[in-house]
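Visitor: With my numbering applied, the sequence shown covers -16 to 256.
Here it is: the structure, laid out below.
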Amino acid sequence: MNYRHAFHAGNHADVLKHAVLLYCLDALKRKETPFAVLDTHAGRGLYDLGGPEAERSPEWRDGVGRLWNWPDPPPLAARYLEAIRGFNADGELRTYPGSPALATTALRDNDVLMACELHPEDRAALRRALPRKSNVQVHERDGWEALGALLPPAQRRGLVLIDPPYEEPDELARAAGALGAALKRFGHGMYLWWRPLKSEAALDTADAEILKHGPRETLRADLWIAAPQRDGRLVGSSVYLVNPPFGLREALSEALPFLADALTKGQSGWRLT
Ligand SMILES: C[S@@+](CC[C@H](N)C(=O)[O-])C[C@H]1O[C@@H](n2cnc3c(N)ncnc32)[C@H](O)[C@@H]1O
């Protein structure tokens, strides 16, 4: 396991993923009944933007950094920035919250977060980063295995975030297979699956794999900030939702053109299907 999210925290891909994550959590809170969040690949929770990794790879500057002082962003982006501000109370952007930290901001006392992280150092950091509360659980558990073991959650409603590092060549197919299997256990759950946008055809194949498990309501949002790079640098990402919350399509159709313009480094663009 070589991947460390600290090199990428707050980049364009995190902006898209975390803005959608917060929309999903807000939507779950529209009902009073408790929900669970399963974060299969959680990371370390909080990222120091002045730390050595972010200094070496300051991707956040062209991600959340560009949006930080934006005067009037569309609601999806405004909600995201409001959550990031909660971790930077003095107005200086120094700390970037990862998915489990953002999730804890949305939990009520009866809602539960189950965050899985396999890297020992990142898991220890995650334990330090998250509030010490009984409804916030950090698991030393393989995220793929957790999809079988922890679903369906006792609450019978909730969100599953699948955000692996894609270090292995077969990880896209593996994720599609794991999501398909999870749908058999927790078919009415909300799923947010993040993928790197490198090959549109590979993502189309992965999406088709999910639909083999039966017709579902799905939503896919792609955002790229430049044309594909020869050095393989990530310039685009895609989120795929199963059972997306009401209103997300409209929120994204407003936010995606804004994000493509605000984060552009050349030929940016977006797609919503
Ligand atoms: C892309 S990062 C997660 C970022 C995080 N979800 C966020 O949005 O802030 C992927 C994380 O998964 C961890 N990881 C890798 N393989 C894993 C596995 N099989 N199960 C659980 N965690 C794993 C890595 O150590 C890394 O911290």
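The beta-carbon is built from N, C-alpha and C at its ideal position, and this holds for glycine as well.
Being a predicted model, the structure only gives us computed values, none of them experimental.
#1: By DSSP's criteria, W253 is part of a beta bridge. Which residues make up the other side?
#2: Can you grab the Cα-Cα spacing for the pair E104 / R111, in whole Å?
#3: State whether the stretch 2 to 19 contacts the stretch 41 to 56, with contact taken as three or more CB pairs (one from each stretch) at a distance under 8 Å.
#4: Distance, Cα to Cα, L21 vs S220?
#5: Shorter than 7 Å, the distance from the beta carbon of W127 to the closest heavy atom of ligand 1, or not?
#6: Give the single residue among P83, H24 and H102 whose Cα lies nearest to the Cα of R115.
#7: Going by alpha carbons, who is nearest to L59 out of A238, G249 and D(-3)?
#8: Check whether the Cβ of S221 lies closer than 7 Å to any heavy atom of ligand 1, and answer yes or no.
#9: Quick one: is the Cβ of T23 within less than 7 Å of any heavy atom of ligand 1?
#10: Leaving out the 5 sequence neighbours to the left and right, which residues in its chain are closer than 8 Å to R62 when beta-carbon positions are compared?
#11: May I ask you to check if the CB of G81 is nearer than 7 Å to at least one heavy atom of ligand 1?
#12: Distance check for S251 and R231, CA to CA, integer angstroms please.
#13: From the DSSP output, read off the bridge partner residues of V222.
#14: Quick check: the Cα distance between L90 and S236, rounded to an integer number of angstroms?
#15: Return yes when the Cβ of W127 is within less than 8 Å of the Cβ of A159, no when it is not.
#16: Mind checking which residues open and close the alpha helix (DSSP H) that includes D125?
#17: Verify whether the separation of the beta carbon atoms of E100 and V121 is less than 8 Å.
#18: Report yes if the CB atom of L175 is closer than 8 Å to the CB atom of V222, and no otherwise.
#19: Which one or two residues does DSSP pair with Q120 in a beta bridge?
#20: Here's a check: name, in chain order, each residue in its chain whose Cβ is nearer than 8 Å to the Cβ of A210, leaving out the five neighbours to either side.
#21: Could you give the first and the last residue of the continuous beta strand (DSSP E) run that contains G48?
#22: Please look up how many angstroms separate the CB atoms of A132 and T23, rounded, as I've assumed it's under 8 Å.
#23: What is the DSSP secondary structure of G141, reduced to helix, strand or coil?
#24: With a threshold of 16 other CB atoms inside 10 Å of the CB of P17, please say whether the residue is buried or exposed.
#25: What's the call for H171, buried or exposed, on a 16-neighbour Cβ count within 10 Å?
#26: Put D244 into one of helix, strand or coil per three-state DSSP.
#27: Quick one: grab the DSSP three-state call for L217.
#28: Taking 8 Å as the cut-off, does the stretch 132 to 150 touch the stretch 186 to 205 (at least 3 CB pairs, one atom from each stretch)?
#29: For W53, is the classification buried or exposed, using 16 other Cβ atoms within 10 angstroms of its Cβ as the cut-off for buried?
Guide: Quick look at the numbers:
#1: As a first step, residue 253 must be located in the sequence shown, where it is residue number 270. BP columns for W253 point to L206.
#2: Position 121 of the sequence shown, counted from the first residue, corresponds to residue 104. Position 128 of the sequence shown, counted from the first residue, corresponds to residue 111. Their Cα atoms are separated by approximately 11 Å.
#3: Short answer: they don't touch.
#4: Within the sequence shown, numbered from 1, the residue matching residue 21 stands at position 38. Within the sequence shown, numbered from 1, the residue matching residue 220 stands at position 237. When rounded, the distance between both Cα atoms is 21 Å.
#5: For this step, residue 127 is matched to residue 144 along the sequence shown. Answer for W127: yes, Cβ within range of ligand 1.
#6: Counting from 1 along the sequence shown, the entry for residue 115 is found at position 132. Looking at the Cα atoms, P83 is the closest of the given residues.
#7: Here the question's residue 59 lines up with position 76 in the sequence shown. It is A238 whose Cα lies nearest to the Cα of L59.
#8: Taking the first residue of the sequence shown as position 1, residue 221 is located at position 238. Incorrect: S221 has no Cβ contact closer than 7 Å to ligand 1.
#9: Numbered from 1 along the sequence shown, position 40 holds the residue referred to as residue 23. The answer is yes for T23.
#10: For the purposes of this step, residue 62 is taken as residue 79 along the sequence shown, with counting starting at 1. Excluding positions up to five away in sequence, the list reads A2, L5, Y6 and D9.
#11: Here residue 81 refers to the residue found at position 98 of the sequence shown. Yes, the beta carbon of G81 sits closer than 7 Å to at least one heavy atom of ligand 1.
#12: Along the sequence shown, read from residue 1 onward, the residue named residue 231 stands at position 248. Along the sequence shown, read from residue 1 onward, the residue named residue 251 stands at position 268. The sequence shown places Leu at residue 231, rather than the Arg named in the question. Computed Cα separation, rounded: 21 Å.
#13: Position 239 of the sequence shown, counting from 1, holds the residue named residue 222. V222 is bridged to W177 and A204.
#14: Your numbering for residue 90 matches position 107 in the sequence shown. Your numbering for residue 236 matches position 253 in the sequence shown. Spanning the two alpha carbons is a distance of roughly 27 Å.
#15: As a first step, residue 159 must be located in the sequence shown, where it is residue number 176. As a first step, residue 127 must be located in the sequence shown, where it is residue number 144. Contact flag unset, no.
#16: Within the sequence shown, residue 125 is the residue found at index 142, counting from 1. Where D125 is concerned, there is no enclosing alpha helix (DSSP H), given that its DSSP letter is neither H nor E.
#17: Position 117 of the sequence shown, counting from 1, holds the residue named residue 100. Position 138 of the sequence shown, counting from 1, holds the residue named residue 121. Yes, the pair counts as a contact, with Cβ atoms nearer than the cut-off.
#18: Against the sequence shown, residue 175 aligns to sequence position 192. Against the sequence shown, residue 222 aligns to sequence position 239. Yes, the pair counts as a contact, with Cβ atoms nearer than the cut-off.
#19: For the purposes of this step, residue 120 is taken as the residue at position 137 of the sequence shown. Beta-bridge pairing links Q120 to M97.
#20: In the sequence shown, residue 210 corresponds to position 227, counting from 1. These residues qualify, in order along the chain: V218, G249 and Q250.
#21: Position 65 of the sequence shown holds residue 48. That residue, G48, is in no beta strand (DSSP E); its alpha helix (DSSP H) goes V47 to L50.
#22: As a working note, residue 132 is residue 149 in the sequence shown. As a working note, residue 23 is residue 40 in the sequence shown. In fact, because the Cβ distance is near 11 Å, the residues do not count as touching under 8 Å.
#23: For the purposes of this step, residue 141 is identified with residue 158 of the sequence shown, where counting begins at 1. In the structure shown, G141 falls within a strand segment according to DSSP collapsed to helix, strand and coil.
#24: By 1-based counting over the sequence shown, the position of residue 17 is 34. It is buried - the Cβ of P17 has at least 16 other Cβ atoms within 10 Å.
#25: Counted from its first residue, the sequence shown places residue 171 at position 188. Its Cβ having fewer than 16 others within 10 Å, H171 is exposed.
#26: Position 261 of the sequence shown holds residue 244. D244 falls in the helix class under three-state DSSP.
#27: Along the sequence shown, one-based indexing puts residue 217 at 234. Three-state DSSP puts L217 in coil, outside helix and strand.
#28: Result no; under three Cβ-Cβ pairs closer than 8 Å.
#29: Position 70 of the sequence shown, counted from the first residue, corresponds to residue 53. It is exposed - the Cβ of W53 has fewer than 16 other Cβ atoms within 10 Å.
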